[in-house]
Structure formats: C-alpha cells, structure tokens
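Just below is one structure, and these are the notes that go with it.
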Amino acid sequence: MNPRPNSDLNFKLERLPKPLQERFRLLYEPNQSKAPEGRLEIDAIHQGDATELLPRIEPNSVALSVWSPPYFVGKDYEAHLSFDDWRALLEKVIALHYPILEPGGFLVINIADILVFRDSEMPRIQAEAVNRKKNPVTLEDVTRAMQEHPEYNRYQLAKLLGCSEQTIDRRLHGNNIRGGKHEAQTRVKIVGGLIEEWALAAGLYPYDRRIWVKDAAWENSRWASLSYRAVDEFEYLYFFWKPGITKYDRNRLTPVEWRDWGSRGVWEFPSVRANNDHEAKFPLELPSRVIRLLTDANDLVLDCFMGSGTTAVAALQLGRHYIGIELAGEYVELARHRIKKEALIHAARPPESSS
Ligand SMILES: C[S@@+](CC[C@H](N)C(=O)[O-])C[C@H]1O[C@@H](n2cnc3c(N)ncnc32)[C@H](O)[C@@H]1O
C-alpha cells in the first residue's frame, strides 16, 4: 500500500530522455514483481537485516528514508563487522534504496568520519609530545650504554639508565611503543566520498549536505591532549535524490524556520544525553527536521537502522507513516515501546499539530 501514490504528482514517463524512460519504466508501471515473502507492513518495526528486508518494501513507496548506520567506530552492535563488511553493508543498503524510493524522493544519511581508523600501511608518527618528555635520558646516553654493555637487552639498559624500556625504544627508534607492542597508526577515514560513490552507482544523486554540530566529546577524545587533532563534535547529513518530480513547497516551514535552519548548512542542537538504553541514538530533532523539510503529511518515512525508534517517533509526531528495520531484538523491543508511548500521546493530542 502506497500512502501517497505518485499519480498526484503528474509524473509522465514520456517527459524523460529516452534512455531514462527504459530505466524507470519498471519502477513506474504497476504490477511490479511480487516480493518473495510478502510486503513489509507499514507503521511497524521489523526485526532483521536491512539487506534482507529492504527488497520487501513496495517499489516507489518511500518518500524519505532517513537513517544513521553503524559508523565503524567500535560500538557493540557493530563489533561483528570488519571494515570490508561495513563497506559492503552500506553499499548494498544504499543500492537497495533505488527501487523503493518514490521518484523525486530522498535518502538522507547521517554519518561521521571515522576518527580513529587503524592503518597498518601508515608511516609511524616520529614526533614526541615535547611537553611530556620528562625523562632526561638522551639517544647519546643509550648509545653509549649499549657500547659499554653490548650484551644488555633493553630492560637491562633501562635499569642502568634509570628509565623505562619504552624510553629506550623511543630514543632508539623515535616511535610510540606501548608495552613493547607495535600498534598500527591511526588516521582519519573520510566517508563522504564512499557514500557518494555508492549512491551514484545506485542511481541516486547527491542533492545536499549539511553538518550537525553536536556536543563536543571531550571525555571520549583519546587524542585531544596528545596531538593537533580536533575533538569529535560534528557529523554529516548527506541528501540523495531519486530522479522524478519533486514537489517544492515553501509552506512546509515558517519563514523563521527557513531562516533559522531550513536553508542553513549547519544545524546545531545537543546530542542525546541519556544513552542508557541504546549506545548511539540521534536526537529527535534530527529526523524531525529532515521529515518536515522533505515530506508531507501521510508520506511514508523509512529508517532501516532504526535503533531505539527515534525516526518512527518523529514520523508519528508529524503525522507521517513509517517503516522501521532493526537487527537487534532488544532495540526492536525498545523502539516498539517508545512508539506505543508516543502513539498514546499522539492520540490524545488535538489533530492540528502535524505540519
Ligand atoms: C547508529 S544506530 C541507529 C540509532 C538510531 N538512529 C536511534 O536514534 O536510536 C545503528 C543501528 O543499526 C542497527 N544495525 C546494525 N546492522 C544492521 C543491519 N544489518 N540491519 C539492520 N539494522 C542494523 C544497530 O543494531 C543499531 O541499532
């Protein structure tokens, strides 16, 4: 069931260039092939892998898909994924959006760069934190001691010079050795280019990009005091568009809202403070803004990494339909619980409040 059939947008296949007509014909014409295990119900949270459940959504039915996937930053729910698995998951999920989005509809991905990405190929950082170099032992001291005691290992040299064995290593090799282990260096992994590549390959066009400025994560920053890197304090919103007719309606927001955030590239609002029931919830404000900007009442909104149900709650509050997909049973329960609570509040509210 498509809550807002495309016919009301007067889309005409013949108005597209010939090669595109062929590409879109299957999507626009009725009687598309049946999903193998039946369609996913609307206004429900479905437990399962997004890559398996997305093909069960009715083609051309989703006005907006907005989600925040695993970021590959070591959260519990992504611990089973290697970097290649993570790439394959996102690439496939993006590709699976093309058939299910309404023509003219949007996919909005909230994601961040990977700030501590292990790279075994990366050259070792040679510089030392000068402020921390308290031990006066120099390379010359170590070299002299080695000449005088060629049979000494680094532990014996350390004892002789009154320093740690790491200091001996650092003086000799100029690198960061912790507990005698050589760890891979870490760098920033920029994800925007990957996402863009996968979306274009799927037939979705980059339409816009915004930045969400969140709370600065001082307490999580492993490097703030040890390098020149900035603390983690923003994420991206990448907007992709499926070709088709897109309605442009300035009445979706008030003039003040257009000025304050609708037309702004930087959105600033706090992170979720209580992550006690889910590790990585986004704030309700995030999907609410995207939904208000890009959809109308009764449109269908999808989140295929639903987590605690934030997108569904936003959709309910704004009078949109939703479909949620989530892998972890405990989060499915959590999302259903939040939605139940919200539905009760929504039912008790006067009808005018959705816009
Ligand atoms: C960043 S969290 C999303 C949080 C959500 N926006 C919220 O506000 O609660 C990503 C979610 O994707 C789920 N997930 C991971 N792999 C998945 C997959 N293959 N299919 C569906 N969900 C998956 C995780 O369990 C996690 O809850």
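Okay, so the sequence shown: first residue is 1232 according to this note's numbering, each after it adds one. All C-beta atoms in this analysis are idealised placements derived from N, C-alpha and C, irrespective of residue type, glycine included. All figures in this text were calculated on a predicted structure; none of them were measured in a lab.
The beta-carbon distance between ASP1530 and ALA1294, rounded to whole angstroms, is 4 Å. This is short enough to meet the 8 Å contact definition. For LYS1478, the secondary structure class from DSSP, reduced to helix, strand or coil, is coil. Cβ contact annotation for PHE1465 (same chain, cutoff 7 Å, sequence separation greater than five): ILE1442, TRP1443, VAL1444 and LYS1445, in chain order. DSSP, read as helix, strand or coil, puts SER1539 in coil. Taking the C-beta atoms as reference points, LYS1306 is found no nearer than 9 Å to ALA1447. Judged by DSSP secondary structure, ILE1340 falls within the beta strand (DSSP E) whose first and last residues are 1332-1342. Look at PRO1301 here: in three-state DSSP terms it is coil, with no helix or strand label. In the same chain as CYS1394, and ignoring 5 residues on each side of it, the C-beta atoms closer than 7 Å to its own belong to ASN1366 and VAL1368, in chain order. Annotation: PHE1465 is outside any alpha helix (DSSP H); the continuous beta strand (DSSP E) that includes it extends over 1465-1472.
Around the CB of ASN1384, fewer than 16 other CB atoms lie within 10 Å, so the residue is classed as exposed. Annotation for THR1417: no alpha helix (DSSP H) segment contains it, though the beta strand (DSSP E) segment containing it runs 1416-1420. If you draw a 10 Å sphere on the C-beta of ASN1482, you find fewer than 16 other C-beta atoms in it, and that means exposed.
Separation of the CB atoms of ILE1570 and LEU1547 is rounded to 7 Å, and the pair is thereby assigned contact status at 8 Å.
Contact check for VAL1419 against LEU1346 passes: the beta carbons are separated by less than 9 Å. Taking a cut-off of 8 Å for Cβ pairs, the stretch 1563-1578 and the stretch 1302-1319 do not touch, as fewer than three such pairs fall below it. Taking C-beta separations shorter than 6 Å and ignoring five residues to either side along the sequence, the partners of SER1519 in its chain run ALA1545, following chain order.
Between the alpha carbons of ILE1556 and LYS1390 lies a distance of about 59 Å. For CYS1535, the distance from the CB to the nearest heavy atom of ligand 1 is below 8 Å. PRO1330 has its Cβ no nearer than 8 Å to any heavy atom of ligand 1. When the beta-carbon positions are compared, VAL1339 and LEU1285 stay at least 9 Å from each other. Rounded to whole angstroms, the separation of the alpha carbons of LEU1332 and LYS1473 is 7 Å. For ARG1246, the closest C-alpha among the options GLY1475, PRO1301, ALA1432 and ASN1341 is that of GLY1475. Annotation for ALA1415: ARG1349, ASP1350, SER1351 and MET1353 place their beta carbon closer than 8 Å to its own, counting only its chain and skipping 5 residues before and after.
With a threshold of 8 Å, the Cβ atom of ASP1280 counts as near ligand 1, since some heavy atom of the ligand is closer than that.
Taking the CA atoms as reference points, ASP1274 sits about 36 Å from PRO1250.
In this structure, the alpha-carbon of ALA1578 lies about 15 Å from that of HIS1552.
Taking 9 Å as the cut-off, the Cβ atoms of PHE1470 and PRO1437 count as close. Relative to ligand 1, SER1502 has its C-beta separated by 8 Å or more from all heavy atoms. Secondary structure at ILE1570: helix, using DSSP grouped into helix, strand and coil. Secondary structure at ILE1273: coil, using DSSP grouped into helix, strand and coil.
Counting C-beta atoms within 10 angstroms of its own C-beta, PHE1314 has fewer than 16 neighbours from the protein chains shown and is therefore classed as exposed.
Following the DSSP letters along the chain, one finds ILE1522 inside the alpha helix (DSSP H) bounded by residues 1516-1525.
Ranked by Cα distance from ALA1574, the options GLY1279, LEU1425, ALA1343 and THR1541 are led by THR1541.
Distance from the CA atom of GLY1405 to the CA atom of VAL1563, rounded to whole angstroms, is 50 Å.
When C-alpha distances from VAL1503 are compared across GLN1387, GLU1516, GLY1493 and LEU1244, the shortest belongs to GLU1516.
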